[in-house]
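Undergrad: This is the structure I want to talk about, given as structure tokens.
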Amino acid sequence: AQKITQTQPGMFVQEKEAVTLDCTYDTSDPSYGLFWYKQPSSGEMIFLIYQGSYDQQNATEGRYSLNFQKARKSANLVISASQLGDSAMYFCAMRERGRPGGYQKVTFGIGTKLQVIP
Amino acid sequence: NAGVMQNPRHLVRRRGQEARLRCSPMKGHSHVYWYRQLPEEGLKFMVYLQKENIIDESGMPKERFSAEFPKEGPSILRIQQVVRGDSAAYFCASSPPGGHPWAVNTDTQYFGPGTRLTVL
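Chains as they are written, first to last, in my numbering: chain A, 228 to 345; chain B, 224 to 343.
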């Protein structure tokens, strides 16, 4: 089973509009963390936002917010007031607790390509 | 306050040659991770290292690939006798020392710009 599922290969959004990028995850571990990264065409991976499984509130970072629905195992990224510079690939990732003393692997989804239209 | 540094940014090798990819973690970070990104795919974990120790190499191909993080100097990902299928972007990430082993490590992994390997 896929640990991280991103079902939208590509998305378009009008400049200044909000957009939601979907991410669902699969884990039996009660303790985990969820991340979103942005990869522009230049190729670097830029950390955007983090949500812990025990966090009571949804994470927010500027124009980015994470719509965390634990029961549904979803961690959608919401970008408000889209800008042309938001055009990029977006990756959802999860870190699980893993076995005691073991490395807590980070698993990435296959990404969603977002294009912002002027 | 330099971020994670990787060099070279682009590397071209012919089949059968060796490729050496270097990664210098962020200042204060002692954990290094290597990932591979094939075209049109997400990142796949390869190996996790701390200084002079390989912690987890479960994502590394069994042959031709090796990694090290010496006491001094950058982490090196080495690919011997490269083949066309090794063409990919290789990313290094670093994070500071983690917390209690039972707690999810909330330390974010910060990525370098990647090395794009092309095998001719």
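Glycine included, each C-beta is placed from N, C-alpha and C at the ideal position.
(1) Mind listing the chain A neighbours of residue 332 of chain B? Cutoff is C-beta to C-beta under 7 Å, in chain order.
(2) Using alpha carbons as the reference points, say which of A:313, A:345 and A:309 lies closest to residue 267 of chain A.
(3) Does the pairing of the stretch 243-253 of chain B with the stretch 286-302 of chain B give three or more beta-carbon distances under 8 Å?
(4) Please report the straight-line C-alpha distance between residue 295 of chain A and residue 339 of chain A, rounded to a whole angstrom.
(5) For residue 234 of chain B and chain A, any beta-carbon pair shorter than 7 Å?
(6) Can you give me the Cβ contacts of residue 270 of chain B inside the same chain, cut-off strictly under 6 Å, excluding the 5 residues immediately before and after it?
(7) In chain A, which residues lie less than 9 Å from residue 251 of chain B when you measure between Cβ atoms?
(8) Give the secondary structure of residue 312 of chain A by DSSP, where H, G and I count as helix, E and B as strand, and everything else as coil.
(9) With a threshold of 6 Å, establish whether the CB of residue 335 of chain B neighbours any heavy atom of the ligand SAM.
(10) Counting only the same chain and skipping the five closest in sequence on each side, list residues whose C-beta sits under 7 Å from that of residue 243 of chain B.
(11) Taking the alpha carbon of residue 312 of chain B as the point to measure from, which residue in B:226, B:267 and B:239 has its own alpha carbon closest?
(12) Here's the rule I'm using: 16 or more other beta-carbon atoms within 10 Å means buried, otherwise exposed. How should residue 265 of chain A be labelled?
(13) Find the residues of chain B that neighbour residue 272 of chain A, judging by a C-beta separation of less than 7 Å, and give them in chain order.
(14) Nearest CA to the CA of residue 335 of chain B: which residue from B:342, B:343 and B:315?
(15) Terminal residues of the continuous beta strand (DSSP E) containing residue 246 of chain A?
(16) Given this structure, state the Cα-to-Cα distance separating residue 290 of chain A from residue 276 of chain A, to the nearest angstrom.
(17) Going by DSSP in three states, residue 308 of chain B sits in which element: helix, strand or coil?
TA: Once the coordinates are examined:
(1) 333
(2) A:313
(3) yes
(4) 18 Å
(5) no
(6) 257, 280, 283 and 290
(7) In chain order: nothing, as chain A lies at least about 16 Å away.
(8) helix
(9) The model on display carries no ligand, and the ligand SAM is accordingly not part of it.
(10) 299 and 301
(11) B:267
(12) buried
(13) 314 and 334
(14) B:315
(15) 246-248
(16) 10 Å
(17) helix
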